[in-house]
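Report on the following structure.
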Amino acid sequence: MNPFWRLDCRYFIGDRPCKFKRLCEGCEQYSPMGHRILIVKLAAIGDVLRTTPLLTGLKRAYPQSHITWVVDKEADPLLKNNPFIDRLLPFGFAPLLPLWAESFDLAIGLEKEPRGAAIVSKVEAKEKRGFALGPEGNPFPLNPSSEYAFFLGLSDELKFYQNKKTYPELIFEIAQIEYQKDDYLLFLSPEDSAFAEKFTRKAGFKKSDRLIGLNTGAGSVFANKAWTEEGYLGLIRQLKKERGTKVLLLGGPGERERNRRILNKARGAVIDTGCDNTLGQFAAILNLCDLVVTGDTTAMHLAIGLKKKVVALFGPTCAQEIELYGRGDKIVSSIPCAPCYRRKCEVSPNCMEAITVEEVMRKIKGLLPR
């Protein structure tokens, strides 16, 4: 027996046959990995999704490449159907153990928090870009092109007022890849698409209906990221007057009580999509919408990734970092202290209370003219 193994084939597994059920010698499906690339971007869910444009740039720069991405399990559903990713590793001891035996041509660290930065510090790679963890236990930039993004996290003056670069621009700069306004990459699973189709049939939507999604929450990390309940109720009343328009109420477990109050007060003027959907199901429901109104949160990034029209509402966070790709519009609170990234706020009226129903309706009509 003359063993012939192609360990550098992207389809080779080693402990069982590959998907083609072929031995290596003479296999026509042999595809060398080429440039082995590691991306470390763990969280948060929206940040992971807005990092996906980098995949297009990497494949453009390294057409023959094998990409491994390390991510938190919460964001895993957004990446598992992505054909640009050859291997997806959820963060954890067992899944990451093979990395200590492997080597890469390029490692890109996009996390400044210790656990993500530590992976980049310890993994073997010919070249490293982005952020790693130093012996003092603090992150540091690995290459000159990462220094601007590093300073952005240290200076409120730079982040809040001076910076004009979007997040995609920043990560392309970090990775030293040419940015061509590459879009988000989001692929729904067949199961999630079928879930949305079932919801459509149950709701009785017509092809002529305009579906507008209202995502009412924005997480609990920062104060006042979400628009007010009164604002959404006022918007629902205005949208009800628009012929052929159906309003979908969107949210997750954190919006259960908020959406219940809105539903009770809206009195049948809005369709409840539920607050217990999986991340994939939630994305599939968003995909039904012609336009989504949302704060700076996961739903906004999902809508961008699904190529939806978006009206994005900004208070305490930086609107300039968000790229809408010409498919949406931003409403940035005019209150002087915004943005601030405060976790608590006692300002009254606050930044989100300053955004009016009339402003939002104007943006909607501008994006969805009759």
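Sequential numbering from 672 applies to the sequence shown in the working numbering.
Glycine included, C-beta positions come from ideal geometry on N, C-alpha and C.
Quick caveat, the model's predicted, so the values are computed rather than measured.
Of the residues Leu725, Lys730, Glu699, Asp718, the one placed nearest His706, counting alpha carbons only: Reading the sequence shown from its first residue, position 35 is the one you call residue 706. If we check each option's Cα against that of His706, Lys730 comes out closest.
Any C-beta of chain C under 7 angstroms from that of Ala983: The displayed structure is made up of one protein chain only, and chain C is not part of it.
Segment contact, 8 angstroms Cβ cut-off, at least three pairs: the region 992-1011 with the region 925-936: no
Bridge partners - Glu795, DSSP secondary structure assignment: Translated into the one-based positions of the sequence shown, residue 795 becomes position 124. DSSP, once it has assigned bridges, lists Ser774 as partnering Glu795.
Beta-carbon proximity check, Leu725 vs Ile842, cutoff 7 angstroms: Indexing the sequence shown from 1 puts residue 725 at position 54. Indexing the sequence shown from 1 puts residue 842 at position 171. In this structure, Ile842 lies closer than 7 angstroms to Leu725 by Cβ.
For Phe831 and Leu720, the rounded distance between their alpha carbons: On the sequence shown, position 49 is the one that residue 720 refers to. On the sequence shown, position 160 is the one that residue 831 refers to. Cα to Cα, Leu720 sits roughly 22 angstroms from Phe831.
Asp679 to Ile708 span [Cα, whole Å]: The residue given as residue 679 occupies position 8 in the sequence shown. The residue given as residue 708 occupies position 37 in the sequence shown. Straight-line Cα distance between these residues: approximately 13 angstroms.
DSSP-derived helix/strand/coil call for Asn752: Along the sequence shown, read from residue 1 onward, the residue named residue 752 stands at position 81. In this structure, Asn752 counts as coil in the three-state DSSP scheme.
For Pro761, the first and last residue of its enclosing beta strand (DSSP E): By one-based count along the sequence shown, residue 761 stands at place 90. Counting along the chain, the beta strand (DSSP E) containing Pro761 begins and ends at 758-761.
Euclidean distance between Cα positions of Met971 and Ser774: Along the sequence shown, one-based indexing puts residue 971 at 300. Along the sequence shown, one-based indexing puts residue 774 at 103. Distance between the alpha carbons of Met971 and Ser774: 36 angstroms.
The alpha helix (DSSP H) enclosing Asp863, as first and last residue numbers: Within the sequence shown, the letter at position 192 stands for residue 863. Its alpha helix (DSSP H) spans residues 861-874.
Per-residue DSSP class, three states only, for Leu962: In the sequence shown, the residue the question calls residue 962 occupies position 291. The answer is strand: DSSP assigns Leu962 an E or B state.
For Arg707, the residue or residues it bridges with in DSSP: In the sequence shown, counting from the first residue as 1, residue 707 sits at position 36. Arg707 is bridged to His737.
Residue environment, Trp898, which counts as buried when at least 16 other CB atoms sit within 10 Å: Within the sequence shown, numbered from 1, the residue matching residue 898 stands at position 227. Buried, because 16 or more other Cβ atoms sit within 10 Å of the Cβ of Trp898.
Start-to-end residues for the beta strand (DSSP E) that takes in Ile684: Taking the sequence shown and counting its residues from 1, the one referred to as residue 684 is at position 13. Run containing Ile684: none; DSSP gives neither H nor E here.
Simplified DSSP assignment, three categories, for Ala937: Taking the first residue of the sequence shown as 1, we reach residue 937 at position 266. It is helical.
Neighbourhood of Leu823 by C-beta distance below 7 angstroms, restricted to the same chain and skipping five residues each side: Reading the sequence shown from its first residue, position 152 is the one you call residue 823. Cβ within range, chain order: Leu829, Lys830, Asn834.
Inter-residue spacing [alpha-carbon to alpha-carbon] between Met672 and Asp757: In the sequence shown, counting from the first residue as 1, residue 672 sits at position 1. In the sequence shown, counting from the first residue as 1, residue 757 sits at position 86. Bear in mind that the predicted position of Met672 carries a pLDDT of just 42, short of 50, making it unreliable; the figure below should be weighed with that in mind. Taking the straight line joining both Cα atoms gives about 31 angstroms.
Val719, DSSP secondary structure in three states: For the purposes of this step, residue 719 is identified with residue 48 of the sequence shown, where counting begins at 1. Val719: helix per DSSP, three-state reduction.
With 16 other Cβ atoms within 10 Å as the buried cut-off, status of Glu782: Translated into positions along the sequence shown, residue 782 becomes position 111. Buried, because 16 or more other Cβ atoms sit within 10 Å of the Cβ of Glu782.
Within 7 angstroms, strictly: CB atoms of Asn886 and Thr988: Numbered from its first residue, the sequence shown carries residue 886 at position 215. Numbered from its first residue, the sequence shown carries residue 988 at position 317. In this structure, Thr988 does not lie closer than 7 angstroms to Asn886 by Cβ.
Length of the line joining the Cα atoms of Tyr682 and Val741: On the sequence shown, position 11 is the one that residue 682 refers to. On the sequence shown, position 70 is the one that residue 741 refers to. Their Cα atoms are separated by approximately 19 angstroms.
Beta-carbon proximity check, Ile956 vs Thr944, cutoff 7 angstroms: Start at 1 with the first residue of the sequence shown, and residue 956 comes out as number 285. Start at 1 with the first residue of the sequence shown, and residue 944 comes out as number 273. Result yes, Cβ atoms of Ile956 and Thr944 sit closer than 7 angstroms.
Chain-order list of residues whose beta-carbon lies under 6 angstroms from that of Phe785 (same chain, five-residue window excluded): Locating residue 785 in the sequence shown gives position 114, counting from the first residue. In the sequence as presented, Phe is not what sits at residue 785; that position holds Pro. Same-chain partners within the cutoff: Leu804.
CB of Leu882 within 7 angstroms of CB of Lys912, strictly: Working through the sequence shown from its first residue, we reach residue 882 at position 211. Working through the sequence shown from its first residue, we reach residue 912 at position 241. No, these two residues do not count as a Cβ contact at 7 angstroms.
Nearest to Arg1014 (by Cα), restricted to the options Ala990, Leu694, Gly890: If you number the sequence shown from 1, residue 1014 lands on position 343. When only C-alpha atoms are compared, the closest one is Gly890.
Continuous alpha helix (DSSP H) stretch holding Ala846: start and end: Residue numbering aside, residue 846 sits at position 175 when the sequence shown is read from its first letter. Note, Ala846: alpha helix (DSSP H), 838-846.
Three-way DSSP call (helix, strand, coil) for Arg914 in this model: In the sequence shown, the residue the question calls residue 914 occupies position 243. In this structure, Arg914 counts as coil in the three-state DSSP scheme.
Which of helix, strand or coil DSSP assigns to Phe802: To locate residue 802, count along the sequence shown from 1; it is residue 131. Strand, per DSSP.
Contacts around Glu795, its chain only, beta-carbon distance under 6 angstroms, and the 5 residues preceding and following it disregarded: Taking the first residue of the sequence shown as 1, we reach residue 795 at position 124. Correct list, in chain order: Ser774.
Residue of Pro815, Leu1039, Met1032 minimising C-alpha distance to Lys799: Stepping through the sequence shown from its first residue, residue 799 is reached at position 128. Among Pro815, Leu1039, Met1032, the Cα nearest to that of Lys799 belongs to Pro815.
First and last residue of the uninterrupted beta strand (DSSP E) at Arg889: Start at 1 with the first residue of the sequence shown, and residue 889 comes out as number 218. Checking the displayed sequence, the identity of residue 889 turns out to be Ala instead of Arg. Ala889 -> no beta strand (DSSP E), and no H or E assigned at all.
Expected contact under 8 angstroms - CB spacing of Gln952 and Asp863 to nearest Å: Against the sequence shown, residue 952 aligns to sequence position 281. Against the sequence shown, residue 863 aligns to sequence position 192. With 8 angstroms as the limit, Gln952 and Asp863 qualify as a contact, their Cβ atoms being about 5 angstroms apart.
Bounding residues of the beta strand (DSSP E) (the contiguous stretch that carries Phe831): As a position in the sequence shown, residue 831 is number 160, starting the count at 1. That residue, Phe831, is in no beta strand (DSSP E); it is neither H nor E in DSSP.
Under 7 angstroms between C-beta atoms of Leu977 and Ile1002: Indexing the sequence shown from 1 puts residue 977 at position 306. Indexing the sequence shown from 1 puts residue 1002 at position 331. No, Cβ-Cβ distance for Leu977 and Ile1002 is not below 7 angstroms.
DSSP-derived helix/strand/coil call for Phe675: The residue labelled residue 675 in the question sits at position 4 within the sequence shown. The answer is coil: DSSP assigns Phe675 none of H, G, I, E or B.
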